[in-house]
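Working notes for the structure below.
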Amino acid sequence: MTDPNLSSTDLLRSETIPPPRHELQDPENSPTNPTGKWGRFALICVPYVWLLLFFLVPFVIVAKISLSEAAVSIPPYLPVIDWGRGLLGLWEAAQRWSLDNYIWLTEDDLYWRAYVSSLQIAFISTLLTLLVGFPLAYGMARAPRSWQPTLVMMVILPFWTSFLIRVYAWIGILKTDGLLNQALIAIGIISEPLVILNTSIAVYIGIIYSYLPFMVLPLYSSLEKLDTTLIEAAEDLGCPPWKTFWRVTVPLAMPGVIAGCFLVFIPAVGEFVIPDLLGGSSTLMIGKTLWVEFFSNRDWPVASAVAIVLLVLLVIPILLFQRHETRRNEGDM
Amino acid sequence: MAKKPLGPVRRAFSPWDDPSEQPFIEFRNITKRFGNFVAVDNLSLKIYKREFHALLGGSGCGKTTLMRMLAGFEAPSEGQIFLEGRDLAGVPPYKRPVNMMFQSYALFPHMNVEKNIAFGLEMDGLPSKEIKSRVMEMLSLVKLEGFAKRKPHQLSGGQRQRVALARSLAKRPKVLLLDEPLAALDKKLREETQLELINLQEQLRMTFLIVTHDQEEAMTVADRISVMDKGKILQNATPGEIYEQPNSRFVAEFIGDINVLDGQVTNKELEDVKMFSSVLGSHLDVCYPTAANVGDHAALAIRPEKMRISFDKPERLGTNAIQGEVWDIAYMGDVSIYHIKVAETETLRAIVANTARLVERPITWEDQVWLSWDSDAGVILTR
């Protein structure tokens, strides 16, 4: 055996001498890159311009409104920046901005409870979606190759109908004389209809149903890539199948689990349609609170503050998670 | 690189010739069907303790299926597999005392080298101190001491191969299964690793079963080779026997290069056989024990390195000589392969060692030469 540090490929590699400096071509004039530096710059610019226009600008507008105060006017808040006077108008408006709306959010415990309840509902339904989605994705990934496109299609198929209509349909299923209760009574499992509609359970059912594809697809894509010889290798080394699942399959499916959980958790926190249609008055969710502030109370500044706080609540843990992941990957090196 | 002391000389080892010896692994009348496809066809094979056995054949010959049945990944459709006399039917892979080194290495990408090697030991519930020392032992065995904390993607192909080997050896299995273990390595590294495998097997005194399509690899590492085709073993013998006494045309042509002449047996006295080759239009003398009788069609097979070429007709007794023209010369460095056109539709190959420098090569293209071989150089093939 040779020195492990120097396999024959390494030897070959060490013999390749880098070309002399003067022979390196200016990348801007290189024949292989006709677009040059500016072409590349333009290409990178497109997504950034997109994000700037459609994310950052609306965000700044909402942030600005959240610092304003409600008023009976059009638009329903003050101050309004007088752009006719240029930067001076901006300066004058800025002097009247305040954090009163944020202070208000801390004073009325309705908001606090709505945030906590939303995060809780989103967290539990994400876990439940994972629980339902994992076996589904696993089954899809292990199905015969020729079936897989059909199975993926079946997961995507519900998107062909409007989300709103699908949630409405659940009212018909879950209501007191709905399909579910009728079926359960017909089988004889229950004698009295269950009250499901307008409870938190209905909200969980609605979220799990609606967001299942967002969980299944990333899970499927990571499970489908999983090399089955790794499973065989684990069993060969004395690992029974259920242990192999936890020691090999789950760790390797982790990117899919994380992506799926984010895709379900983030929209679920701000979900409005499902709690509004399926949940009762006792189901407190921030999306509903936001809607009430915005449309019923016409208090745009408070609604904006609610939205900004929600964003911060969601972005900070994600950023922390990403930093942790980057560190962990660097730690490997 | 400092030269290491050489290991012990490989002594003669032939338990298969000893009728009192019990087989360590026995495949008994194994058939494996996938739907209508018969992957392994009523196959029986005995492998002995401390034997290095090679299953050799082209793709789809059933060699990998046979190995996977021993590992427990596939169940035989018919027949039984015994390990130390115990029937393995119904024993799941994770309870079999065999370990496999996979062709793709199948290293766990989320675990570092140390964790990969420790995996099987953890499954056995060994105390962590012992696991630690066993992992270190394995790492030094494959000379990867400094790599314990690396992840598989941070290793070269050769290093990954050695981690896979260490992992499959860590549990000290009764049998090590090697599924095309060296296929992904470049030629030089592969040759080195072959010798290492032999030394390792001597050192650990374990039974190795290797699956390969590379006949040179099988010849180098194995004590015995089973040449497989279409789910059957055509010949199970030592590398020397396989090469010098192939029992069929398939084996003869699969292992190395060989000239095959079709003919008919015209005379037979004990081992002295006369054959008539219609393509050459001449009678040939062969000294080979064969079951073929006078009148039977058979083939005469001669390895190219046993052929000689000369300008003058060799007059020695017991030598076959035919005339031909040098059709092509393939210069390989150490040897040259001469293609001699002996008939309108037949060329035969002769290998000549290049003992002299290239500048003075006496025989060249279009020369009329005599191609000759001793009567005991050839083999008669009846199937």
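Order-wise, the sequence lines are chains L and R. One point on numbering: in full-length UniProt numbering, the residue at position 166 of the first sequence is 166, and numbering is uninterrupted. One point on numbering: in full-length UniProt numbering, the residue at position 257 of the second sequence is 257, and numbering is uninterrupted. Note that CB positions come from ideal geometry on N, CA and C, so glycine has one too.
Any beta carbon of chain R sitting closer than 8 Å to that of L:LEU230? Judged by the 8 Å Cβ criterion, L:LEU230 is in contact with chain R.
If the criterion is Cβ atoms closer than 8 Å, does the pair R:SER104 and L:THR229 meet it? Closer than 8 Å, so yes.
Can you find at least 3 beta carbon pairs, one from the segment 231 to 249 of chain R and one from the segment 195 to 203 of chain R, that sit closer than 8 Å? At 8 Å Cβ cutoff, the stretches do not touch.
Going by beta-carbon coordinates alone, are R:MET138 and R:LEU176 separated by less than 8 Å? Judged by beta-carbon spacing, R:LEU176 lies beyond the 8 Å limit of R:MET138, meaning their Cβ atoms are not closer than that value.
Pick from R:TYR94, R:LEU144 and R:SER140 that is closest to R:LEU121, judged by C-alpha positions: That would be R:TYR94, whose Cα lies nearest to the Cα of R:LEU121.
At a CB distance below 9 Å, what residues from the segment 325 to 355 of chain R approach chain L? Give them in sequence order. Shown here is that no member of the segment 325 to 355 of chain R has a Cβ falling below 9 Å from a Cβ of chain L.
Using a Cβ-Cβ cutoff of less than 7 Å, which residues in the same chain neighbour L:LEU151 once the five nearest sequence positions on both sides are dropped? These residues qualify, in order along the chain: MET140 and ALA143.
Applying a beta-carbon distance threshold of less than 7 Å, which residues of chain R neighbour L:PRO240? Result: TYR94.
Same chain only: Cβ atoms within 6 Å of R:ASN247, ignoring 5 sequence neighbours per side: Result list for R:ASN247: GLN235, in chain order.
Any 3 or more C-beta pairs closer than 8 Å across the segment 201 to 212 of chain L and the segment 163 to 173 of chain L: Because the criterion of three Cβ pairs below 8 Å is met, the segment 201 to 212 of chain L and the segment 163 to 173 of chain L touch.
Would you tell me roughly how many angstroms separate the C-alpha atoms of R:ALA353 and R:ILE309, rounded to the nearest one? C-alpha separation (whole angstroms): 12 Å.
Any beta-carbon of chain R closer than 8 Å to the one on L:VAL248? Residue contact with chain R for L:VAL248: present (Cβ-Cβ distance below 8 Å to some residue of chain R).
Closest Cβ-Cβ distance between R:LYS49 and chain L: below 8 Å? No, R:LYS49 lies away from the interface with chain L (no Cβ there is under 8 Å from its Cβ).
Interface residues of the segment 36 to 65 of chain R facing chain L [CB-CB below 8 Å]: Residues passing the 8 Å Cβ filter: none.
Does the segment 317 to 324 of chain R come close enough to the segment 283 to 294 of chain R to have 3 or more Cβ pairs within less than 8 Å? Enough Cβ pairs lie closer than 8 Å, so yes.
For R:ASP38: DSSP bridge partner residues: The question names Asp, yet the displayed sequence has Val at residue 38 of chain R. Paired residue(s): R:ARG33.
Taking all protein chains shown into account, decide if R:TRP373 is buried (16 or more other Cβ within 10 angstroms of its Cβ) or exposed. Flag for R:TRP373 reads buried.
Bounding residues of the alpha helix (DSSP H) (the contiguous stretch that carries L:ASP100): Per DSSP, the continuous alpha helix (DSSP H) segment holding L:ASP100 begins and ends at 100 to 107.
Between R:SER104 and chain L, is there a C-beta pair that is closer than 8 Å? Chain L places a beta carbon closer than 8 Å to that of R:SER104, counting this residue as a contact.
With 16 other CB atoms within 10 Å as the buried threshold, where does L:TRP310 fall? For clarity, residue 310 of chain L is Leu in the given sequence; the question names Trp instead. When all chains shown are included, L:LEU310 counts as buried.
Work out the CA separation of L:GLY238 and R:ASP124 for me, nearest whole Å. In this structure, the straight-line span from the alpha carbon of R:ASP124 to that of L:GLY238 is close to 7 Å.
Run through DSSP, which three-state label would L:ARG298 get? If DSSP states are grouped into helix, strand and coil, L:ARG298 belongs with coil.
For the segment 13 to 30 of chain R against the segment 293 to 308 of chain L, do three or more pairs of beta-carbon atoms, one drawn from each stretch, fall closer than 8 Å, so that the two count as touching? Taking 8 Å as the limit for Cβ pairs, the verdict is that the segment 293 to 308 of chain L does not touch the segment 13 to 30 of chain R.
Cα-Cα, which of L:PRO241, L:GLY36, L:THR129 and L:SER98 is closest to L:PHE265? Nearest of L:PRO241, L:GLY36, L:THR129 and L:SER98 to L:PHE265, Cα basis: L:THR129.
CB-CB under 7 Å to R:ALA118, same chain, minus the five flanking residues each way: which ones, in chain order? Hits under 7 Å: ILE131 and VAL135.
Can you tell me whether residue 394 of chain R is buried or exposed? The criterion is at least 16 other CB atoms within 10 Å of its CB, across all chains shown. Since the displayed chain R opens at 1 and closes at 383, residue 394 of chain R lies outside it and no answer follows.
Take L:ILE318 and list the residues in its own chain whose beta-carbon comes closer than 6 Å to its own, dropping the five residues that flank it on each side. Nothing listed; no residue qualifies.
Paired residues, beta bridge with R:THR347 - DSSP: Looking at the DSSP assignment, R:THR347 forms a beta bridge with R:LYS341.
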